[in-house]
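A.B. asks:
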Amino acid sequence: ASAPLIISKEFGCGKTTLAFDIPKAFIGTHSTEYVSNKVLRSSFSDYLCGTHFLHFDEVHINGKWDSDDTANSMKTLITGQTIEIHPKGQKPYNLPNRLFITATSNYEDAITLPSSDERRWGVYYLRPARNYSAAQKEAYFGLLHRFRESARGPGVLRWYFNQIDLAGFNPQRAPPTTIAKRAMIGKSQAPETQILAAAFDDGIGPFTSDLGTIDSIRMYLHSETSKTYSSISASAFLRHAIPEVTKLKQVRSGQVFVRAWAWRDQAKWLAATPTDVAVALKS
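One gets the working numbering by counting positions in the sequence shown from 1 and adding 481 to each.
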């Protein structure tokens with residue numbers, strides 16, 4: 482139900498060894514696909530045919546014009562029941578999804594993670610414990626890979642991993658929200674989303690009460706950025722900043738009808754009377 486993304490600014494520290502080479506020793510070369518950014522962002526996906534293990538190498542799609550679409554297609558590969566195979570020059574077709582996915586990157590903003598509710602990616606920062614020189618790295622990883630590629634390598638690795646106690650492990654549980662994941666979420670969000678999320682956490686601006694309107698969000702963003710925002714764009718920033726926010730029915734406030742949004746105690750305000758909502762908006 483999720484995939485590990487291992488990041489590190491340092492080159493040659495073992496990210497690919499951990500996330501690609503070792504799993505490949507179990508699964509086999511013919512069932513493994515090593516995917517670059519160029520292939521990942523292509524509209525063709527015949528590389529998925531016959532694949533069991535998919536590794537995204539040095540992934541970095543955040544900030545690209547199609548980053549959201551690419552991130553969504555990756556989500557489908559991780560948790561979708563089926564995957565779409567689109568060979569070049571042929572019609573697309575679907576297959577049951579049996580993919581096992583890992584990814585690595587040297588970028589702390591590797592992919593778009595719009596909120597902390599993103600359950601599909603577990604993001605982990607790899608910090609080498611030893612400060613090896615280039616020659617020491619070459620010797621260390623040379624020895625490691627010679628063993629991995631030997632006749633005994635896969636069997637010994639399998640024995641090693643079989644010693645790990647998986648009692649209580651739930652593969653459907655969301656991966657932990659690590660410091661690296663929180664940082665990637667922050668880098669994925671627009672400044673307006675970050676402004677609203679911070680205000681909500683601090684209980685300031687429009688978030689001093691449980692309810693508010695999109696106009697109050699627009700005015701707050703304008704006060705912080707000096708930019709003008711439409712109701713549609715303000716709504717989008719609000720939903721990204723507070724995924725649980727709930728839009729309520731319109732209520733009469735004076736001579737006009739307004740629509741309230743509940744960012745706290747949503748169940749309470751969904752059950753409240755229009756009068757209660759209108760009074761809360763005026764307070």
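We put the CB at the ideal spot given by N, CA and C, even for glycine.
#1: I'd like to know whether the C-beta atoms of S586 and L486 end up nearer to each other than 8 Å.
#2: Report yes if the C-beta distance between K618 and G493 is below 8 Å; otherwise report no.
#3: Can you tell me which of E705, T513, T498 puts its alpha carbon nearest to the alpha carbon of Q675?
#4: Would you kindly report the start and end of the unbroken beta strand (DSSP E) that includes W602?
#5: In terms of residues, what are the limits of the beta strand (DSSP E) holding Q427?
#6: When DSSP labels each residue in this structure, what does K730 get in the three-state scheme?
#7: Any idea which residues DSSP pairs A584 with across the strands?
#8: Would you tell me roughly how many angstroms separate the C-alpha atoms of G693 and Q562, rounded to the nearest one?
#9: Pull the bridge partners of L576 from the DSSP assignment, please.
#10: Less than 8 Å between the beta carbons of A715 and T727, yes or no?
#11: So R601 and K556 are supposed to be a Cβ contact under 8 Å. How far apart are they, rounded?
#12: Tell me where the beta strand (DSSP E) around T689 begins and ends.
#13: In angstroms, rounded to a whole number, what distance separates the CA positions of A616 and F628?
#14: Where does Y613 fall in DSSP's three states?
#15: Between which two residues does the beta strand (DSSP E) harbouring Y515 extend?
C.D. replies: The short version:
#1: yes
#2: yes
#3: E705
#4: 602 to 606
#5: Only positions 482 to 764 of the chain appear in this structure, which leaves residue 427 out of reach.
#6: strand
#7: L486, F537
#8: 39 Å
#9: I564
#10: no
#11: 5 Å
#12: Here T689 belongs to no beta strand (DSSP E), and DSSP marks it neither H nor E.
#13: 19 Å
#14: coil
#15: 513 to 516
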